[in-house]
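> Sharing a structure, written as C-alpha cells. Questions coming.
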C-alpha cells in the first residue's frame, strides 16, 4: 500500500524511520502525470538497491517562466497513485504549493555553468527553480539515492554538479530515455500534441537516430555539421527549432571540434505551442 | 579525545554512525582561531541537546573578496584542538581547501534579500560564499542542530532563511555575543588591532550600549536618529564607518520608523586596516 504524504516534516520523519530500520531510501522526483518513463525510474530505484522508494509528485511553479505552461501542465493524481502502487513505491510525496513554498523564496540554489546553454537560454529561470526544488526535495526525503531521466539530460548533469558542489550524500542515477514504439521520447507534454503534430514530432528521434547512424557507420564524420542536418529536417517537418547542439556528454558543454567522440546530440523544437526535447549519445 | 576528520565522506560516515546510535548531532561551524565566543557555541550545542558535537574549522576562501584578509586570517590549529578537547567536542572537521573544493564551484546557494544590505553591500560575494559553504558543511556533518553566533547577526538571519527556504532538517540556534571585560565583542580579527586601535575600538560596544540605554530609559526616542549619534561617535574615535543601521530583528531589514520597537542596531567600522562588526538589540 503506497502511503501518501503531504508535508515536508512528515516525509523527513518517514525517511529517518526507514534509515533507523537500516533501509536504503530512494527518491524519484516527478511532476506527476506519470508515464512509462517515470515508472522506469521507480523500477531503477529498486534495482539500484533502494528498499524504500518515495516518488514525489509536484508541479513546481518556480521552474516555469511567466509565459510557460504551469497552469495547463497535465495532472491526474489518482492515475499516478495507481501506477506508483503497481510499481511498489512506498510513499508518494504530494505537497501542495503552500507546503513547499509557505513564504516567498529568497534563498536559491543556482548552477552557473551547465545551466547557461541549451534550455537555459530560452528558459532563464528554469534551472534555478529545478535546483532549488530538488534541494528542497532532497532535504525533505533525505534519500540515499535519487533517480533522474536521461530525457532531461541537461537537468541530470546540473543535478550531478549540484550534488558534487554542495556535498549532498546522495547517489544520483540517470536512467535511459523510454520511447514510444515509434521512437517519440515519452513526455507528459506529448499530451498537448494534435494527431498531426504527434506525427511530425517523430522527426526529433528520427533525425537524431539518423545522425547517430551516419556518424557511427562513417557515412558522415562531422558532428557539428550533423547539427545543421538535424536542424534542416526539423524545420522541414514544420518544427520551430530552439536549439540543436553537439555536446561533450560529461561536461554538457558544446564540443569545439566536429570530429570529437563521444558526443551527445541534444535538441529542443516546438510543434504548434508544444515544445519538446530529446537527445541521443553517439559513441 | 577529540577525533580529527579531514574528508567530507569520513564526516558523513561519522555522523550517520552517531545517528544509528540514537545520538543527536550538533555542528558548530567556525573559521578557527577559537576564542570564548566560539567556545560558548560548543557549550550551547551540548546544552541544547547535542550528544555528539562536531566543530568545523575551515577558513573558507569563497567568502573572502579579492582584497580581503583570506591569506592573513589567523590560524592556530593546535591551540584550537586543545580548546575543542577541553569543551568536549567529539570531532574537529578540518578539511583542506582541496577537500572542500576539489573543483571550481559552479553551483552556489544564494540568499537574495537579507544578504543585500549591511555587510553584503561592501562584501558582495561574502554571503554567497557563506551560504554555499554552510550548505556543504550541513551536508557533510548532517547535524540535527547547528549553532551560530549573534555577533554575525546578518549571517545568522541568512542561515535561518536558508534553512527555511531549502528545508534543511536542522534546528538553528543563535548564541549571544561574548564580550571582553571592557565590552569589545570577541572576534578572531581583534588580533589585528594595535594597542591604540584596540582602545579606540571600544567605541563600537560603548556607542551601541549608550544608544540602547537612551532608548530604553526614554532619554531619546528615535532609533533612526540614534544611528547618526553612533556614527558620529565612531568617526570621532578615528573609525571609518561602513554602516550603522537600525533593523527589524526578525527580518533584518531596515526599520522605516524611528520609533519602531524592538530594534537591532548593527554596525561595521574599520580601525586602520581592521574591519569590525558589532550589534545590540533594544527591546
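Protein chains in written order, with the working numbering: chain S, 2 to 284; chain D, 2 to 284. Backbone N, C-alpha and C fix where the C-beta goes; we use that ideal spot for every residue, glycine too.
#1: If residue 40(S) sits next to residue 88(S), beta carbons under 8 Å apart, how far is it from one beta carbon to the other, in whole angstroms?
#2: For residue 175(S) versus residue 157(S), is the C-beta spacing smaller than 8 Å?
#3: Let me know the secondary structure DSSP gives residue 167(S) once reduced to three states.
#4: Distance check for residue 141(S) and residue 105(S), CA to CA, integer angstroms please.
#5: Helix or strand or just coil, what does DSSP make of residue 135(S)?
#6: Rounded to a whole number of angstroms, what is the C-alpha to C-alpha distance between residue 283(D) and residue 164(S)?
#7: Report the residue from 66(D), 80(D), 96(D), 206(D) whose alpha carbon sits nearest the alpha carbon of residue 287(D).
#8: Is residue 119(D) helix, strand or coil when you go by DSSP?
#9: Could you give the distance in angstroms between the alpha-carbon of residue 162(D) and the alpha-carbon of residue 36(D)?
#10: So residue 247(D) and residue 269(D) are in contact, right, with Cβ under 8 Å, and what is the actual spacing, rounded?
#11: Any C-beta of chain D within less than 7 Å: which residues of the stretch 206-236 of chain S qualify?
#12: For a contact defined as C-beta to C-beta under 7 Å, what are the partners of residue 162(S) on chain D?
#13: Can you find the residues in the same chain that come closer than 7 Å, C-beta to C-beta, to residue 91(S), ignoring five residues on each side of it along the sequence?
#14: Among 122(D), 169(D), 100(D), 60(D), which one has its Cα closest to the Cα of residue 108(S)?
#15: List the endpoints of the continuous alpha helix (DSSP H) containing residue 78(D).
#16: Comparing the C-beta of residue 141(D) with each C-beta of chain S, is any distance below 8 Å?
#17: Let me check understanding here. Comparing Cα to Cα, which of 281(S), 219(S), 238(S), 275(S) lies closest to residue 260(S)?
#18: Give me the DSSP bridge partner(s) of residue 272(D).
#19: Listed from N- to C-terminal order along the chain, which residues in the stretch 110-144 of chain D have their beta-carbon within a distance smaller than 9 Å of any beta-carbon of chain S?
#20: For the 8 Å Cβ check, are there 3 or more pairs between the stretch 204-216 of chain S and the stretch 229-238 of chain S?
#21: Between the stretch 147-172 of chain S and chain D, which residues of the former have CB atoms less than 8 Å from a CB of the latter, in chain order?
#22: For residue 13(D), go through chain S and note every residue whose CB falls closer than 9 Å to its CB, in chain order.
#23: Is residue 27(D) helix, strand or coil when you go by DSSP?
#24: What does DSSP give as the partner residue(s) for residue 59(D) in the beta ladder?
#25: Can you give me the start and stop residues for the beta strand (DSSP E) that residue 147(S) sits inside?
#26: Against chain D, with Cβ distances strictly below 8 Å, would residue 175(S) count as a contact?
#27: Which residues in chain D have a C-beta closer than 7 Å to the C-beta of residue 9(S)? List them in chain order.
#28: Would you call residue 14(D) buried or exposed, if buried means 16 or more other Cβ atoms sit within 10 Å of its Cβ?
#29: Under the DSSP definition of a beta bridge, which residues are partnered with residue 53(S)?
#30: Which of helix, strand or coil does DSSP assign to residue 251(S)?
#31: Just the Cα atoms here: how many angstroms apart are residue 183(S) and residue 280(S)?
#32: Can you name the start and end residues of the alpha helix (DSSP H) that residue 238(S) belongs to?
#33: Please go through the same chain and pick out, in chain order, the residues whose beta-carbon is closer than 7 Å to the beta-carbon of residue 203(D), but skip the five residues on each side of it.
#34: Given that a residue counts as buried once 16 or more other Cβ atoms are within 10 Å of its Cβ, and exposed if not, what is residue 78(D)?
#35: Please work out which residues of its chain come closer than 6 Å, Cβ to Cβ, to residue 179(S), disregarding the five sequence neighbours upstream and downstream, and give them in chain order.
According to the structure shown:
#1: Here residue 40(S) refers to the residue found at position 39 of the first chain. Here residue 88(S) refers to the residue found at position 87 of the first chain. The Cβ separation is near 5 Å, so the contact holds.
#2: Reading the first chain from its first residue, position 174 is the one you call residue 175(S). Reading the first chain from its first residue, position 156 is the one you call residue 157(S). Yes; because the gap between Cβ atoms is below 8 Å, this pair is in contact.
#3: The sequence position of residue 167(S) within the first chain is 166, counting from 1. Secondary structure of residue 167(S) (DSSP, three-state): helix.
#4: The residue given as residue 105(S) occupies position 104 in the first chain. The residue given as residue 141(S) occupies position 140 in the first chain. The alpha-carbon atoms of residue 105(S) and residue 141(S) are separated by roughly 18 Å.
#5: Within the first chain, numbered from 1, the residue matching residue 135(S) stands at position 134. Judged by DSSP in its simplified three-state form, residue 135(S) adopts helix.
#6: Taking the second chain and counting its residues from 1, the one referred to as residue 283(D) is at position 282. Taking the first chain and counting its residues from 1, the one referred to as residue 164(S) is at position 163. Going from the Cα of residue 283(D) to the Cα of residue 164(S) covers about 42 Å.
#7: Beyond the ends of chain D as shown, which are 2 and 284, falls residue 287(D); an answer cannot be given.
#8: Here residue 119(D) corresponds to residue number 118 of the second chain, with the count starting at 1. Correct three-state label for residue 119(D): coil.
#9: As a working mapping, residue 162(D) is identified with position 161 in the second chain. As a working mapping, residue 36(D) is identified with position 35 in the second chain. Distance between the alpha carbons of residue 162(D) and residue 36(D): 27 Å.
#10: The residue given as residue 247(D) occupies position 246 in the second chain. The residue given as residue 269(D) occupies position 268 in the second chain. Not a contact, Cβ separation roughly 14 Å.
#11: None of the residues of the stretch 206-236 of chain S has a beta carbon lying less than 7 Å from any beta carbon of chain D.
#12: On the first chain, residue 162(S) is found 161 positions in, with the first residue counted as 1. Scanning chain D for C-beta atoms nearer than 7 Å to the C-beta of residue 162(S) yields 107, 108, reported in chain order.
#13: As a working mapping, residue 91(S) is identified with position 90 in the first chain. In the same chain as residue 91(S), and ignoring 5 residues on each side of it, the C-beta atoms closer than 7 Å to its own belong to 3, 4, 53, 54, 55, in chain order.
#14: Working through the first chain from its first residue, we reach residue 108(S) at position 107. Among 122(D), 169(D), 100(D), 60(D), the Cα nearest to that of residue 108(S) is on 169(D).
#15: Locating residue 78(D) in the second chain gives position 77, counting from the first residue. That run of the alpha helix (DSSP H) goes 78-87.
#16: The residue you call residue 141(D) lines up with position 140 of the second chain. With respect to chain S, the C-beta atom of residue 141(D) has a partner C-beta closer than 8 Å.
#17: Start at 1 with the first residue of the first chain, and residue 260(S) comes out as number 259. Of the candidates 281(S), 219(S), 238(S), 275(S), the one whose C-alpha sits nearest the C-alpha of residue 260(S) is 219(S).
#18: Here residue 272(D) is taken as the residue at index 271 of the second chain, counted from 1. Paired residue(s): 275(D).
#19: The residues in question are 110, 111, 112, 113, 114, 115, 116, 132, 133, 136, 137, 138, 139, 140, 141, 143.
#20: With the cut-off at 8 Å, the stretch 204-216 of chain S and the stretch 229-238 of chain S touch.
#21: Answer in chain order: 159, 162, 163, 165, 166, 167, 168, 169, 170.
#22: Indexing the second chain from 1 puts residue 13(D) at position 12. Those are 168, 170, listed as they occur along chain S.
#23: Indexing the second chain from 1 puts residue 27(D) at position 26. Residue state for residue 27(D) is assigned as strand, using DSSP reduced to three classes.
#24: Taking the second chain and counting its residues from 1, one reaches residue 59(D) at position 58. Residue 59(D) pairs with nothing; no bridge assigned.
#25: For this step, residue 147(S) is matched to residue 146 along the first chain. If you look at residue 147(S), you'll find it in the beta strand (DSSP E) that goes 146-150.
#26: Along the first chain, read from residue 1 onward, the residue named residue 175(S) stands at position 174. No, residue 175(S) lies away from the interface with chain D (no Cβ there is under 8 Å from its Cβ).
#27: Taking the first residue of the first chain as position 1, residue 9(S) is located at position 8. Within 7 Å Cβ-Cβ: 168.
#28: As a working mapping, residue 14(D) is identified with position 13 in the second chain. Counting Cβ neighbours within 10 Å, residue 14(D) comes out exposed, since fewer than 16 surround it.
#29: The residue given as residue 53(S) occupies position 52 in the first chain. 26(S).
#30: For the purposes of this step, residue 251(S) is identified with residue 250 of the first chain, where counting begins at 1. When secondary structure is reduced to three states using DSSP, residue 251(S) falls in the coil class, being assigned neither helix nor strand.
#31: For the purposes of this step, residue 183(S) is taken as the residue at position 182 of the first chain. For the purposes of this step, residue 280(S) is taken as the residue at position 279 of the first chain. Pairing residue 183(S) with residue 280(S), the inter-Cα distance amounts to about 16 Å.
#32: If you number the first chain from 1, residue 238(S) lands on position 237. Looking at the DSSP string, residue 238(S) is not in any alpha helix (DSSP H), and its letter there is neither H nor E.
#33: One-based indexing of the second chain puts residue 203(D) at position 202. These residues qualify, in order along the chain: 183, 184, 185.
#34: Position 77 of the second chain, counted from the start, is the residue given in the question as residue 78(D). Residue 78(D) is exposed by the Cβ-count criterion.
#35: Residue mapping note: residue 179(S) aligns to position 178 of the first chain, counting from 1. Contacts found: 37, 38, 41, 187.
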